[in-house]
Amino acid sequence: MMAVPAHADNYLADLGPDNADITDHDTYVAGVPHATFTRLRAEDPVHWTEEADGAGFWSILRYDDCLAVSRDVESFTSSLGIRLEEMDAEQTEARRTMMEMDPPEHTRLRRLVNKGFTRRTVETFEYSIRELVGEVLDKALANDEFDFVHDIAEELPMRMLGRLLGTDDTDGRKLVAWGDALLGNTDPDFTDFPVDLTDTEQFRMVPFRSPAAIEIFQYAQDQAADRRVCPRDDIITKLLAPTIDGDPLTDLEFNNFFTLLVAAGNDTTRYTMTHGMWTLLNHPQLWQAWQSDPGLTTTAVEEILRSGSVTMHFRRTATCDVEMRGSQIRAGDKVVIWFVSANHDPEGFERPFRFDLGREHNDHMAFGRNGPHLCLGAWLARMEVRLVFEELMKRVSRLEPAGPIHRLRSNFISGIKRLPVKVA
71 MMAVPAHADN
81 YLADLGPDNA
91 DITDHDTYVA
101 GVPHATFTRL
111 RAEDPVHWTE
121 EADGAGFWSI
131 LRYDDCLAVS
141 RDVESFTSSL
151 GIRLEEMDAE
161 QTEARRTMME
171 MDPPEHTRLR
181 RLVNKGFTRR
191 TVETFEYSIR
201 ELVGEVLDKA
211 LANDEFDFVH
221 DIAEELPMRM
231 LGRLLGTDDT
241 DGRKLVAWGD
251 ALLGNTDPDF
261 TDFPVDLTDT
271 EQFRMVPFRS
281 PAAIEIFQYA
291 QDQAADRRVC
301 PRDDIITKLL
311 APTIDGDPLT
321 DLEFNNFFTL
331 LVAAGNDTTR
341 YTMTHGMWTL
351 LNHPQLWQAW
361 QSDPGLTTTA
371 VEEILRSGSV
381 TMHFRRTATC
391 DVEMRGSQIR
401 AGDKVVIWFV
411 SANHDPEGFE
421 RPFRFDLGRE
431 HNDHMAFGRN
441 GPHLCLGAWL
451 ARMEVRLVFE
461 ELMKRVSRLE
471 PAGPIHRLRS
481 NFISGIKRLP
491 VKVA
């Protein structure tokens, strides 16, 4: 019997246009314009990118350069923002999270919760997460057709986030809606105030220029008040403990940290799972190969992370003049690390548009790689994605598409927000 191929050559049927505006949120509704990134990597890998409503920025497109910039916190600071939006000093201070900090300040905050997200700690969650995955899948699979995003990919991270925070299960949907409004702040499906389509000046002092942040702040303070009376073994209680220098977080620091966890703790894992499912639906031989050889699971999860590159970019700001590949970056220039380009760079990955369940060399940048800003929830995300596919493949022979997908309108997060499927 011929073995089922565990790869798909050119897993993307369409790489999109090669002249797309990579700053335009509407560009990504049709999918990531990989042809444009491919052309720029070859022709102008440190590319000056004009903005319709900004000063412009340097696009860093090759794997090695993205890695170098992400690690060089002295030459490229996060303290002036990690998104393309330009903020004045007052906004920057009001909206700062751990992400908008450099070491040692970044390290001071990260240490409050870091132990709860280490690989060793996350591995202790496996049994309970697997049980939760089973509950979610069995409920979804009771129907012949369902939306993979709403019924599976959204459910698990939402409920895990609530357990880690120590919040009530009944608050889960509310947390998801708030997280969507934050990371999806350019998509009219998720917010009444998409930042480039409506006037959001009244929200300029809160994270993501989103009114959802105001609601999250109030919720966070209510949770904090509860933990001060009745501490628990959860992240909120840990955030209220003194930092390494002996000082507790200010209310603003606590609010912004809580908001970051809500924004990052759900959407990115959800969209990663959905990207993996979408790829398997389009290439059924991958599902068959993985299902017949569970030993592929570890590398398969990494390939889903690489190819999906859900967080497409992070911005830095140059603190000094830097020359890179013949381009002169000036102090004060915005510098954007395009993870989605780096993860498809042939200099970093052999045949990058080949989806290979058994890819051996896969040092992708989906989590930012090994630097101070390595994603806090990387090991938890890996486990959630792994367990969803392990348990799903035990339950069904395969799933099939049941309608068109709908993509997030965002140049920041690559996501499929609706994925109708049916049980074959």
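Residue 71 is where the sequence shown starts when you use my numbering, and the numbers rise one by one after that.
For each residue, glycine too, the CB sits at the ideal point set by N, CA and C.
Span separating the alpha-carbon of residue i from that of residue j
| i | j | result |
| --- | --- | --- |
| W360 | Q288 | 45 Å |
| G186 | T162 | 28 Å |
| L444 | W348 | 26 Å |
| T191 | M275 | 35 Å |
| E196 | I374 | 20 Å |
| V206 | F146 | 42 Å |
| V74 | T369 | 17 Å |
| M71 | P422 | For M71, the predicted model reports a pLDDT of 40, less than 50, meaning its position is unreliable; a value from the coordinates is still stated below. Going by the C-alpha atoms only, they are around 29 Å apart. |
| H117 | H220 | 38 Å |
| L358 | V139 | As written in the sequence, residue 358 is Gln, which differs from the Leu given in the question. In a straight line, the C-alpha of Q358 is about 39 Å away from that of V139. |
| R465 | R178 | 44 Å |
| R111 | L245 | 38 Å |
| R400 | H414 | 27 Å |
| I199 | M394 | 44 Å |
| F218 | D315 | 45 Å |
| F127 | R386 | 10 Å |
| G242 | I483 | 21 Å |
| V183 | L150 | 23 Å |
| R141 | L462 | 37 Å |
| R279 | D433 | 34 Å |
| M453 | Y341 | 15 Å |
| W248 | T313 | 27 Å |
| G232 | F328 | 12 Å |
Cβ-based burial, residue i [other Cβ within 10 Å; buried from 16]
| i | result |
| --- | --- |
| K487 | buried |
| G335 | buried |
| L322 | exposed |
| N326 | buried |
| Q272 | exposed |
| P227 | buried |
| V299 | exposed |
| L267 | exposed |
| Q293 | buried |
| S467 | exposed |
| H431 | exposed |
| A295 | exposed |
| V99 | exposed |
| C390 | exposed |
| N80 | exposed |
Start and end residues, alpha helix (DSSP H) containing residue i
| i | result |
| --- | --- |
| R298 | 281 to 299 |
| D321 | 321 to 334 |
| S362 | 354 to 362 |
| L469 | No alpha helix (DSSP H) contains L469, which is instead part of the beta strand (DSSP E) from 469 to 471. |
| D250 | 242 to 253 |
| V455 | 448 to 465 |
| I499 | Here the chain covers residues 71 to 494 and nothing more, so residue 499 does not appear. |
| E225 | 225 to 235 |
One or two residues paired with residue i in a DSSP bridge
| i | result |
| --- | --- |
| I399 | V392 |
| W128 | W118, V405 |
| H476 | R488 |
| D426 | H77 |
Range of the contiguous beta strand (DSSP E) that encloses residue i
| i | result |
| --- | --- |
| F216 | 215 to 217 |
Open item on the list: Please give me, in chain order, every unbroken run of the alpha helix (DSSP H) with length at least 4 that falls completely inside the segment 135 to 209.
Closed with: 159 to 164, 175 to 183, 189 to 193
TODO: Entirely within the segment 364 to 393 and at least 4 residues each: give me those alpha helix (DSSP H) ranges in chain order.
DONE: 367 to 378
TODO: Could you name each continuous alpha helix (DSSP H) segment of 4 residues or more that falls completely within the segment 72 to 116, going from the start of the chain to the end?
DONE: Considered as a whole, the segment 72 to 116 harbours 104 to 113 as its complete alpha helix (DSSP H) runs of no fewer than 4 residues, in chain order.
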